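In the working numbering, the protein residues as written are 400 to 841. Virtual Cβ for every residue (Gly too), placed ideally from N, Cα, C. A quick note: this is a predicted structure, and the numbers were derived from the prediction, not measured. Only one structure is covered here, and it is reproduced in the block below.
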């Protein structure tokens, strides 16, 4: 009863405009969710099983809604279905300190908000509930405590699943990793685990398969009927070989590709004329792509141009613990690439720049209260960005880079890529480390 009265109060506050934002769904303008309870082979995204026992699922792409810190307290969904069925919802919170309460209302009328305020409809709870096409179902997600960084909501019948993310913009650093983990992880409908049919979950096949640039390896090519392509990757400035992985596409044949970390690459292919596309991407160098016609054993020398004075490496892959200068372990791969670039180009001087999303003052994160020193940073965004830039410089120095080759400077939010970010994706572009070439010795 207390929760019901609290939701009613917050609803009234939202309707009178306190802390409201037009785009944020409330009970007068809820996020519409249309879910099918029937199998649809033609529009299915996932097939489970084979033959007459196979069945087909629809998996809608993730929809994301962004809101500001001062927005309404309760997020609303309106669910409609095309048949009677059991529906499951699952809520995940981005920040472990946040608490939310979910309730749903079965409604058949003209003005849900008005009837809610008059207490003519009562809330129900439970993550699985029966639905009918003659009713609409209003689902409220009430923020109880914590910062309110947002949530992910999934609605699913046996044959159809929909996903939503509601994200507060000010929580960029705190929840960026959680969002990425959710968006990149493979999706398997939760109903699969509760199906009573004799299906094998390992037989799941996706309708849409990503088409990535990958070499087709074939180790069975005979030496007597093959040609060999040897290649070297050279720094166009220093004229010295550099280590880099190469991507190859032979448009008319399979082949074997071997990347040699120290001296380039070799390819073995069928003994015929080939159309070849070579692509090389290496951090700190201009991207290289070229097409060749290869008719016989060939030596290729590919020249890569390093970035010049005034140009920069923009890295979003150097990760820090939220609101601290503490490097995460997974930053090492990117830092090692920067280290390699500086070793291959020891005639340049760089400025390591730290950038944040805005210039707000940062408070200590209570999640790290049991830790000491840099884990409990409190200060301005510019101060934090300075410490982060220095942290990168220290790592490179400790791993063999001449300290006279580097300076570190924090800019806070003075040089944002997106001046007024409207959503999480735009805000995350502002949080970065840049390596700017400021001088090149001849």
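By the three-class DSSP mapping on this structure, what secondary structure does residue i have?
i, result
"residue 514", "helix"
"residue 568", "helix"
"residue 558", "coil"
"residue 767", "helix"
"residue 640", "strand"
"residue 705", "strand"
"residue 634", "strand"
"residue 753", "strand"
"residue 838", "strand"
"residue 549", "strand"
"residue 628", "strand"
"residue 816", "coil"
"residue 599", "Residue placement at residue 599 cannot be trusted, given a pLDDT of 34 that sits under 50; the coordinates are not used to answer."
Between which two residues does the alpha helix (DSSP H) holding residue i run?
i, result
"residue 784", "780 to 797"
"residue 829", "823 to 829"
Name the DSSP beta bridge partners of residue i, please?
i, result
"residue 718", "Answer is none; residue 718 lacks a bridge partner."
"residue 485", "529"
"residue 475", "539"
"residue 428", "For residue 428, which the question treats as bridged, DSSP gives no partner whatsoever."
"residue 777", "Per DSSP, none; premise fails for residue 777."
"residue 436", "Beta-bridge pairing links residue 436 to no other residue."
"residue 810", "In the DSSP output, where bridge partners are listed per residue, residue 810 has none listed."
"residue 378", "Residue 378 cannot be examined here, being either before or after the span of the chain that is shown, 400 to 841."
"residue 833", "713, 752"
"residue 347", "In the structure displayed, the chain extends from 400 to 841; residue 347 sits before or after that span and is not available."
"residue 699", "630"
"residue 491", "551"
"residue 534", "According to DSSP, residue 534 bridges with nothing at all."
"residue 760", "779"
"residue 544", "498"
"residue 682", "None; residue 682 has no bridge partner."
"residue 574", "Paired residue(s): none; residue 574 is not in a bridge."
"residue 674", "692"
"residue 524", "None, per the DSSP bridge assignment."
"residue 725", "The partner list for residue 725 (beta bridge, DSSP) is empty, contrary to what the question assumes."
From what residue to what residue does the beta strand (DSSP E) around residue i run?
i, result
"residue 734", "Premise fails: residue 734 lies in the alpha helix (DSSP H), 731 to 743, not in any beta strand (DSSP E)."
"residue 502", "498 to 506"
"residue 688", "687 to 693"
"residue 464", "462 to 466"
Please classify residue i as buried or exposed, where buried requires at least 16 neighbouring CB atoms within 10 angstroms.
i, result
"residue 770", "exposed"
"residue 691", "exposed"
"residue 732", "exposed"
"residue 794", "buried"
"residue 807", "buried"
"residue 495", "exposed"
"residue 602", "No answer about residue 602 holds up, because its pLDDT of 32 lies below 50 and its placement is not dependable."
"residue 666", "buried"
"residue 811", "buried"
"residue 783", "buried"
"residue 543", "exposed"
"residue 897", "Because the chain is modelled from 400 through 841, residue 897 falls outside the range shown and cannot be assessed."
"residue 831", "buried"
"residue 797", "exposed"
"residue 458", "buried"
"residue 497", "buried"
"residue 479", "exposed"
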